[in-house]
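Here is the structure we will look at, set down as structure tokens.
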Amino acid sequence: FFFFRPWHWDADYIHQKIHAMFSSPIYLYFHVLICVKSSSALLLSSTSSSFSKIHPKNNHYQQQKYYTSTTLHDAVSNNNEMTTSSSTISKQQLLPDSAYETIRKGRIAVVPNFLPQDLVSDLRSDAIDLYRSGQFSADALAAYGTETSAKFDPAKDRTVLKLNQWKRDDIGNAKLRHETFGNIMARLRTELSVALNRPKLDSGKSVSMYGVGSTEISYTRFGPGAYLKRHVDEHHEELKGRRGWEKPTRRSVSWLVYLNEPDWDPRQHGGFIRCFQRNILPSSSVGAMDNGDLQIGWLKSSRDDPVERPVFLDGRRGDGVGEGDGNCALYTIMPNNKQVYISRNFHPDPILYVSGGDFFAQRLLVDNPKLAPRFHFIEPPKSAATDLFLANKAPSNAWDGETALDVPPLGGTLVLFDSVSLPHEVLPAYGRERWATSGWYHEDQQHEKL
């Protein structure tokens with residue numbers, strides 16, 4: 008902890024914070040454990056729920072929220088968490104209004120039979136042909152299908168047909184990818200930009216720099232046993248370091264269409280996407296503000312304020328704006344759309360990277376003593392120690408205030424969610440390959456920080 012002392016706050020303020028924190032009886036407990044493992048790992052462990060380890064053959068569906076295609080309509084009728092659509096792609100609105108409201112709330116929208124089975128079959132055949140001809144490559148997030156393997160095995164792991172290969176006209180069924188499917192996804196992007204009030208989804212570099220359909224688009228193949236660990240798809244520029252401000256666009260909406268065979272049995276073959284949804288609905292739209300500030304955390308509900316409030320990071324605070332020294336500050340949206348800052352200005356390095364996540368953020372960042380215990384990151388800072396000491400791999404458990412929702416990978420199903428606010432993971436498939444096409448709709452990046 009003292010390694011990170013050269014912060015740019017005034018001396019009296021930081022001394023008071025450190026003294027208050029270190030005087031707490033809990034500090035001694037944390038100090039001992041930090042010597043053994045990172046405090047990120049500690050907090051992850053302490054906030055995990057008590058679900059048992061999960062395997063498709065262990066009948067875990069009694070413990071998890073789980074929907075098959077036959078119960079999706081009931082889910083829509085009961086709690087509006089999942090949404091349905093016609094199995095044909097018409098010139099009418101592609102998605103029901105409830106799907107957009109679900110995305111705005113930071114939850115996953117699920118649209119069964121978004122693509123007809125004949126188109127699913129054609130896309131799957133194209134993906135298989137390209138995989139067999141060596142056009143797929145390892146993905147940066149790939150997790151080994153067998154934990155004992157020291158060498159990457161593409162037959163067991165996650166490989167993708169990346170964007171540059173997807174856009175080529177001389178391999179596979181390019182007309183199917185670019186025109187038939189690409190035009191559908193381009194229409195969906197336009198519809199999302201209007202329904203979500205995100206006009207930058209359908210304009211600027213996020214459209215002009217890339218091919219038809221989506222800013223990022225690919226085929227994905229998971230070998231038997233392959234998975235993806237819990238993560239979110241996009242982070243604030245300041246959480247990425249300097250390179251976060253260098254890219255022209257950022258991810259805004261994540262999407263995936265499953266291409267599995269009609270006989271896929273979720274109870275036998277697994278392959279779910281697991282989303283970690285907040286139990287209490289947010290007070291406002293999530294993910295990003297109109298000015299480009301991205302969400303990094305939540306204020307949990309309280310007796311006096313029974314909603315969850317997204318917390319955004321303003322990374323462009325200039326000199327003389329707000330209290331404290333630095334270019335960053337945290338704020339939330341209170342009733343009447345009032346923007347209220349909950350921290351003084353600070354420098355993001357190394358504060359937002361200090362291992363410890365919520366524990367240190369509540370004590371060093373959030374000034375209001377009533378709000379500080381309510382703050383938590385969407386995802387805490389990650390480190391190699393987190394993986395080492397927690398064996399951090401899918402499946403993982405829902406944390407405090409969350410519900411784990413498993414969506415089966417049935418062919419033709421479309422899923423969409425906000426790229427910033429919804430943690431998720433992919434559970435292993437068993438005995439079969441898991442096929443999908445996936446991508447991200449981007450928006451142009453916010454302007455460079457001051």
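The sequence shown begins at 8 in the working numbering and counts up one residue at a time.
For each residue, glycine too, the CB sits at the ideal point set by N, CA and C.
Please return the same chain residues whose Cβ sits closer than 7 Å to the Cβ of residue i, not counting the five positions on each side in sequence.
| i | result |
| --- | --- |
| Lys254 | Gln452 |
| Glu244 | Gly251, Trp252, Gly322 |
| Arg194 | Leu101 |
| Gly277 | Pro63, Leu434, Pro435, Ala436, Tyr437 |
| Asp136 | Gly179 |
| Ser309 | Arg381 |
| Lys212 | Pro255, Thr256, Asp451 |
In three-state DSSP terms, what is residue i?
| i | result |
| --- | --- |
| Tyr226 | strand |
| Asp125 | helix |
| Trp173 | helix |
| Arg439 | coil |
| Phe481 | Nothing can be reported for residue 481, as the shown portion of the chain is limited to 8 through 457. |
| Pro289 | strand |
| Tyr265 | strand |
| Ile303 | strand |
| Phe353 | strand |
| Lys295 | Reading off the sequence shown, one finds Ala at residue 295, where the question assumed Lys. Three-state result, Ala295: strand. |
| Gly419 | coil |
| Glu186 | helix |
| Arg316 | strand |
| Ser445 | strand |
| Gly277 | strand |
| Ala181 | helix |
| Ser309 | coil |
| Pro206 | helix |
| Leu378 | coil |
| Asp272 | coil |
| Leu49 | For Leu49, the predicted model reports a pLDDT of 26, less than 50, meaning its position is unreliable and no value from the coordinates is stated. |
Within the same chain, show all residues whose beta-carbon is closer than 6 Å to that of residue i, passing over the 5 residues directly before and after it, in chain order.
| i | result |
| --- | --- |
| Thr227 | Val167, Ala443, Ser445 |
| Ser292 | Arg111 |
| Ala379 | Gln369, Val373 |
| Glu198 | Leu101 |
| Ala336 | Asp321, Arg324, Gly329, Tyr348, Ser350, Asn352 |
| Ile224 | Trp173, Gly446 |
| Arg439 | His276 |
| Leu263 | Val422, Ala443, Ser445 |
Could you please give the first and the last residue of the uninterrupted alpha helix (DSSP H) stretch that includes residue i?
| i | result |
| --- | --- |
| Asp413 | Here Asp413 belongs to no alpha helix (DSSP H); instead the beta strand (DSSP E) covers 409-414. |
| Arg237 | Where Arg237 is concerned, there is no enclosing alpha helix (DSSP H), although the beta strand (DSSP E) it sits in stretches over 235-238. |
| Ala106 | 104-111 |
| Ala368 | 365-371 |
| His242 | Premise fails: His242 is in no alpha helix (DSSP H) and is neither H nor E. |
| Gln100 | Segment: none, Gln100 is in no alpha helix (DSSP H) and carries neither H nor E. |
Between which residues of its own chain and residue i is the CB-CB distance below 8 Å, once the five residues before and five after are set aside?
| i | result |
| --- | --- |
| Ile385 | Val239, Gln302, Ile303, Gly304, Trp305, Val427, Ser428, Pro430 |
| Gln142 | Leu168, Gln172, Ile178, Gly179 |
| Pro269 | Gln124, Gly418 |
| Asn344 | Ser291 |
List the DSSP bridge partners of residue i.
| i | result |
| --- | --- |
| Ala336 | Asp321 |
| Asp451 | Thr256 |
| Asp425 | Val260 |
| Met341 | Lys345 |
| Gln284 | Thr410 |
| Gly213 | Residue 213 is actually Ser in this sequence, not Gly. The partner list for Ser213 (beta bridge, DSSP) is empty, contrary to what the question assumes. |
| Phe384 | Gly304 |
| Ala116 | Leu423 |
Between which two residues does the beta strand (DSSP E) holding residue i run?
| i | result |
| --- | --- |
| Lys345 | 345-348 |
| Gly189 | Taken as a continuous stretch (DSSP letters only), Gly189 belongs to no beta strand (DSSP E), being part of the alpha helix (DSSP H) at 189-202. |
| Val167 | 165-168 |
| Val432 | Contrary to the premise, residue 432 reads as Glu rather than Val in this sequence. Where Glu432 is concerned, the enclosing beta strand (DSSP E) stretches over 431-433. |
| Val219 | Note, Val219: premise wrong, no beta strand (DSSP E); not H, not E. |
Determine, using beta carbons only, whether residue i and residue j come nearer to each other than 8 Å.
| i | j | result |
| --- | --- | --- |
| Phe367 | Tyr338 | no |
| Asn334 | Thr410 | no |
| Tyr265 | Pro376 | no |
| Arg196 | Ser221 | yes |
| Arg441 | Asn204 | no |
| Ser144 | Lys169 | yes |
| Glu315 | Pro289 | yes |
| Tyr448 | Val201 | no |
| Arg165 | Leu246 | no |
| Lys207 | Glu450 | yes |
| Gly478 | Val214 | Here the chain comprises residues numbered 8 to 457, so residue 478 is not present and cannot be evaluated. |
| Pro231 | Lys182 | no |
| Gly294 | Asp425 | yes |
| Asp365 | His383 | yes |
| Asp133 | Arg184 | yes |
So does residue i have its beta carbon nearer than 7 Å to some heavy atom of the ligand GDP?
| i | result |
| --- | --- |
| Glu450 | Here there are no bound small molecules, and the ligand GDP is not part of this structure. |
Measuring only between beta-carbons, confirm whether residue i sits less than 8 Å from chain C.
| i | result |
| --- | --- |
| Arg281 | Among the chains of the structure shown, chain C does not appear; only one protein chain is present. |
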